[in-house]
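A.B. asks: According to my numbering, the stretch in the sequence shown is residues 224 to 794, in order. Could you have a look at this structure, given as structure tokens, before my questions?
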Amino acid sequence: LGRGPGGSLSVQGPGPLPNSGDPPPGALELRLRRVEQELALVKAALGETLRRLGGCDPPGGLGESGDPPGGGCGSPKMGMGDPKMGLGDTKMGLGDTKMGLGEQKMGLGPPKWGWGTQNGAGTPKMGLGPPKRGWRTLKWGWDHPEREGVSVKMFLRGRPITMYVPSGLGPVRAELPPERLQLDWVYGYRGRDSRSNLHVLGSGELVYFIACVVVLLQLPARRQRHYLRHSDCVRCLAVHPDRLRVATGQAAGVDKDGKPLQPIVHIWDSATLQTLQQIGLGSFERGVGSLAFSTDQGAFLCVVDDSNEHMMSVWDCARGTKQAEVKSTNESVLTVEFNPRDSSSIISSGKSHVYFWTWSGNGLTKKQGIFGKYKKPKFIQCFIFDAAGAVLTGDSEGNILTWTPSPGKGGKEMYQIGQQTRAHEGSVFALCRRRDGTVLSGGGKDRRVLSWSPELQLLHEVELPESFGAVRTIAEGPGEELLVGTTRNALLRGTLGSGFTPIVQGHTDEVWGLATHPKLCRFLTCGHDRQLCLWDGSEHALAWSLGLEVRGGLNWGGGVWGGREIGLWGV
Numbered sequence: 224l225g226r227g228p229g230g231s232l233s234v235q236g237p238g239p240l241p242n243s244g245d246p247p248p249g250a251l252e253l254r255l256r257r258v259e260q261e262l263a264l265v266k267a268a269l270g271e272t273l274r275r276l277g278g279c280d281p282p283g284g285l286g287e288s289g290d291p292p293g294g295g296c297g298s299p300k301m302g303m304g305d306p307k308m309g310l311g312d313t314k315m316g317l318g319d320t321k322m323g324l325g326e327q328k329m330g331l332g333p334p335k336w337g338w339g340t341q342n343g344a345g346t347p348k349m350g351l352g353p354p355k356r357g358w359r360t361l362k363w364g365w366d367h368p369e370r371e372g373v374s375v376k377m378f379l380r381g382r383p384i385t386m387y388v389p390s391g392l393g394p395v396r397a398e399l400p401p402e403r404l405q406l407d408w409v410y411g412y413r414g415r416d417s418r419s420n421l422h423v424l425g426s427g428e429l430v431y432f433i434a435c436v437v438v439l440l441q442l443p444a445r446r447q448r449h450y451l452r453h454s455d456c457v458r459c460l461a462v463h464p465d466r467l468r469v470a471t472g473q474a475a476g477v478d479k480d481g482k483p484l485q486p487i488v489h490i491w492d493s494a495t496l497q498t499l500q501q502i503g504l505g506s507f508e509r510g511v512g513s514l515a516f517s518t519d520q521g522a523f524l525c526v527v528d529d530s531n532e533h534m535m536s537v538w539d540c541a542r543g544t545k546q547a548e549v550k551s552t553n554e555s556v557l558t559v560e561f562n563p564r565d566s567s568s569i570i571s572s573g574k575s576h577v578y579f580w581t582w583s584g585n586g587l588t589k590k591q592g593i594f595g596k597y598k599k600p601k602f603i604q605c606f607i608f609d610a611a612g613a614v615l616t617g618d619s620e621g622n623i624l625t626w627t628p629s630p631g632k633g634g635k636e637m638y639q640i641g642q643q644t645r646a647h648e649g650s651v652f653a654l655c656r657r658r659d660g661t662v663l664s665g666g667g668k669d670r671r672v673l674s675w676s677p678e679l680q681l682l683h684e685v686e687l688p689e690s691f692g693a694v695r696t697i698a699e700g701p702g703e704e705l706l707v708g709t710t711r712n713a714l715l716r717g718t719l720g721s722g723f724t725p726i727v728q729g730h731t732d733e734v735w736g737l738a739t740h741p742k743l744c745r746f747l748t749c750g751h752d753r754q755l756c757l758w759d760g761s762e763h764a765l766a767w768s769l770g771l772e773v774r775g776g777l778n779w780g781g782g783v784w785g786g787r788e789i790g791l792w793g794v
């Protein structure tokens, strides 16, 4: 291994490679020669590693420059990095490169390389943060006749990610360009594993989240604004009663250097996108699962985290101080809300429970909902308050239960089921009370949106197309318009009479392939959801999608996609 002209990396084996003046050998001979060269590298590396592990090296065998003594490029030596050897992954630190020999399965393919910033004399790593001193231009100078399998290793939030270099790639500069990028458009919506994450602001904008971004979408102009202050995935969202301020909570994670990031709640102004308050840094574990503003001018915020005890806490929004905290339950908590008539009353629901909380001073006390003669569902996934103050819950049995307070033993108030309404086949994922008092429910298995009278008499129903998935959340738009988020990460817009059309669509699993059109403002994506999607970059919309038989990767060379897992190619 050595440096070629201009600082490029080159691989040199025990014998010279054929130069441009030699007649080209046959494909088999060329392949055999390359394998022999790589086997020589592997043998030299393993021999040097075994010699050093056996204690044959005297201390200080390496110079301060990081080059091995007698540093010829025919027999690579161990560099300044700690030597690592194992059956699964043998690594050699070669000055300012890293070579993964274990992944090459004894020389049956080209070696892999990592490149990036110089951190002293040690093995360099590539980060995604701002450039540091010592960054320089690196050029690909491979002397291999073929470049199949060449890769670079990046470190994304402390995790190594191997990325394969496309064939035919010219010189690459590792320096960041002087231009700064600005986020223009976010494709997709997180509906697959989130709840109550679609709201309409006073400005008429839709607010929802995906990944670390909170999106504000203006319809019908189709313009987006973005709140970008979160450092990890946003998991929940609540809108203040003034419909201007927004609270968003994020999950725990790690930064680009692998250091832990703690969960936190941001309260921010949707008009200016300025952060007004940061709540709970160091108080939450794993992530923030549910949020709710109090209805008395939104002075307080209730938060439930994702710890084992699902700690419930109440915070002063203006001061950012904790007012009360209690362990809620060891079971999953899916949603929490303040009673709109009484801010000292809080309700939470989730796996096999619905709790009615009373907040007084720095204390929170709970009463469990009594199911009595009714079957206890596995999950209570959503609830709303009706015009009379009763609580309506939607559960995994497909029922809407009406809870009313009644006097219990010792004069203590208790909540019992006053009515059970069969609503959906499968789970009830969403409930929404409209301005006219009617109730909307969204089903999981049946994908239906139902409209009910205040007395829960069925009025209208509409079924969503299977391609959009089940109903995840429902929000009321202007007039008769409804907005629906689905489990297949789509946002739909429409009415019960005319049906629904998509306004936002996205993949439902990890995206592993992306290719841009060489001339048009279009690009292709594919991933683990086995969908091949063509996107119109000028319209910010999905042009078409196609189901694949396998998970795929992409290369736009006349429209080529490849099945990454089983080696199947399709054009």
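Positions of the beta carbon are idealized from the N, C-alpha and C atoms, including for glycine. What you are looking at is a predicted structure, and each value in this text was computed from that prediction instead of being measured.
With aspartate 492 as the anchor, note down where its beta strand (DSSP E) starts and where it stops.
C.D. replies: Locating residue 492 in the sequence shown gives position 269, where the first residue counts as 1. Counting along the chain, the beta strand (DSSP E) containing aspartate 492 begins and ends at 488-492.
A.B. asks: Buried or exposed for glycine 302, going by 16 or more other Cβ atoms inside 10 Å?
C.D. replies: The residue you call residue 302 lines up with position 79 of the sequence shown. Because glycine 302 sits at a pLDDT of 38, beneath the cut-off of 50, its placement in the model cannot be relied upon, and the point is left open.
A.B. asks: With DSSP collapsed to three states, give me the class of phenylalanine 222.
C.D. replies: Because residue 222 is not part of the residues shown, which for the chain are 224 to 794, the question remains open.
A.B. asks: Taking Cβ positions, are isoleucine 384 and glycine 411 nearer each other than 8 Å?
C.D. replies: As a position in the sequence shown, residue 384 is number 161, starting the count at 1. As a position in the sequence shown, residue 411 is number 188, starting the count at 1. Cβ distance not < 8 Å, so isoleucine 384 and glycine 411 don't count as in contact.
A.B. asks: Methionine 301 by DSSP, collapsed to three states: which one?
C.D. replies: As a working note, residue 301 is residue 78 in the sequence shown. Low per-residue confidence applies at methionine 301: pLDDT is 39, beneath 50, and the placement is therefore not dependable, though the value from the model is reported in the following sentence. Coil.
A.B. asks: So, helix, strand or coil for glutamate 620, using DSSP?
C.D. replies: Taking the sequence shown and counting its residues from 1, the one referred to as residue 620 is at position 397. In the structure shown, glutamate 620 sits in coil (DSSP, three-state: anything other than H, G, I, E or B).
A.B. asks: Within 8 Å, do at least three Cβ pairs link the region 530-538 to the region 553-564?
C.D. replies: These segments touch.
A.B. asks: Please list the terminal residues of the continuous beta strand (DSSP E) segment that includes lysine 376.
C.D. replies: Along the sequence shown, one-based indexing puts residue 376 at 153. Element bounds for lysine 376: 374-379.
A.B. asks: Inspect the beta-carbon positions of isoleucine 640 and tyrosine 597 and report whether they are closer than 8 Å.
C.D. replies: Stepping through the sequence shown from its first residue, residue 640 is reached at position 417. Stepping through the sequence shown from its first residue, residue 597 is reached at position 374. Cβ distance < 8 Å, so isoleucine 640 and tyrosine 597 count as in contact.
A.B. asks: Could you tell me which of Gln501, Gly505 and Cys540 sits nearest to serine 517, measuring between CA atoms?
C.D. replies: As a position in the sequence shown, residue 517 is number 294, starting the count at 1. Cα-wise, what sits closest to serine 517 is Cys540.
A.B. asks: Per DSSP, what kind of secondary structure is threonine 544 in: helix, strand or coil?
C.D. replies: Here residue 544 refers to the residue found at position 321 when the sequence shown is read from its first residue. Strand at threonine 544.
A.B. asks: Mind checking whether proline 483 and aspartate 528 have CB atoms under 8 Å apart?
C.D. replies: Counting from one through the sequence shown, the residue named residue 483 turns up at place 260. Counting from one through the sequence shown, the residue named residue 528 turns up at place 305. No, the Cβ-Cβ distance between proline 483 and aspartate 528 is not below 8 Å.
A.B. asks: Rounded to whole angstroms, what's the CA-CA distance from serine 690 to glycine 667? Just pull it up for me.
C.D. replies: Sequence index remark: in the sequence shown, residue 690 carries index 467 (1-based). Sequence index remark: in the sequence shown, residue 667 carries index 444 (1-based). Roughly 13 Å separates the two Cα atoms.
A.B. asks: Exposed or buried, which one is cysteine 605 when buried takes at least 16 other CB atoms within 10 Å?
C.D. replies: Here residue 605 is taken as the residue at index 382 of the sequence shown, counted from 1. Buried, because 16 or more other Cβ atoms sit within 10 Å of the Cβ of cysteine 605.
A.B. asks: Which partner residues of serine 568 appear in the DSSP bridge assignment?
C.D. replies: Against the sequence shown, residue 568 aligns to sequence position 345. Serine 568 is bridged to Thr581.
A.B. asks: Among all the DSSP beta bridges, which residues are the ones paired with cysteine 525?
C.D. replies: Position 302 of the sequence shown, counted from the first residue, corresponds to residue 525. According to DSSP, cysteine 525 bridges with Ala515 and Val537.
A.B. asks: Within 10 angstroms of its Cβ, does tryptophan 767 collect 16 or more other Cβ (buried), or is it exposed?
C.D. replies: For the purposes of this step, residue 767 is taken as the residue at position 544 of the sequence shown. With fewer than 16 Cβ atoms within 10 Å of its Cβ, tryptophan 767 is classed as exposed.
A.B. asks: How should alanine 653 be labelled, buried or exposed, when 16 other C-beta atoms within 10 angstroms of its C-beta is the threshold for buried?
C.D. replies: Taking the first residue of the sequence shown as 1, we reach residue 653 at position 430. Alanine 653 should be labelled buried.
A.B. asks: Do aspartate 618 and isoleucine 607 come within 8 Å of each other at the CB atom, strictly closer than that value?
C.D. replies: As a working mapping, residue 607 is identified with position 384 in the sequence shown. As a working mapping, residue 618 is identified with position 395 in the sequence shown. Taking 8 Å as the Cβ cut-off, isoleucine 607 and aspartate 618 do not qualify as a contacting pair.
A.B. asks: In whole angstroms, give me the CA-to-CA distance for alanine 611 and serine 568.
C.D. replies: By one-based count along the sequence shown, residue 611 stands at place 388. By one-based count along the sequence shown, residue 568 stands at place 345. Rounded to whole angstroms, alanine 611 to serine 568 spans 16 Å at the Cα level.
A.B. asks: Find the nearest neighbour of threonine 627 within the set Glu636, Phe523 and Ala613, judged by alpha-carbon distance.
C.D. replies: As a working note, residue 627 is residue 404 in the sequence shown. Checking every option, the nearest Cα to that of threonine 627 belongs to Ala613.
A.B. asks: Rounded to the nearest angstrom, how far is the Cβ of valine 476 from that of aspartate 455, given a contact under 8 Å?
C.D. replies: Numbered from its first residue, the sequence shown carries residue 476 at position 253. Numbered from its first residue, the sequence shown carries residue 455 at position 232. It is worth fixing the name first, because residue 476 is glycine in this sequence and not valine. Between aspartate 455 and glycine 476 the Cβ distance is about 3 Å, and since that is below 8 Å, they are a contact.
A.B. asks: So what does DSSP say about arginine 458, is it helix, strand or coil?
C.D. replies: Reading the sequence shown from its first residue, position 235 is the one you call residue 458. Looking at arginine 458 - three-state DSSP - the assignment turns out to be strand.
A.B. asks: Measure the Cβ-Cβ separation of serine 575 and lysine 601 and say whether it is below 8 Å.
C.D. replies: Taking the sequence shown and counting its residues from 1, the one referred to as residue 575 is at position 352. Taking the sequence shown and counting its residues from 1, the one referred to as residue 601 is at position 378. The answer is yes: Cβ separation under 8 Å.
A.B. asks: What do you get for glutamate 620, buried or exposed, if any count of 16 or more other CB atoms within 10 angstroms of its CB means buried?
C.D. replies: One-based indexing of the sequence shown puts residue 620 at position 397. Buried, by the Cβ-count rule.
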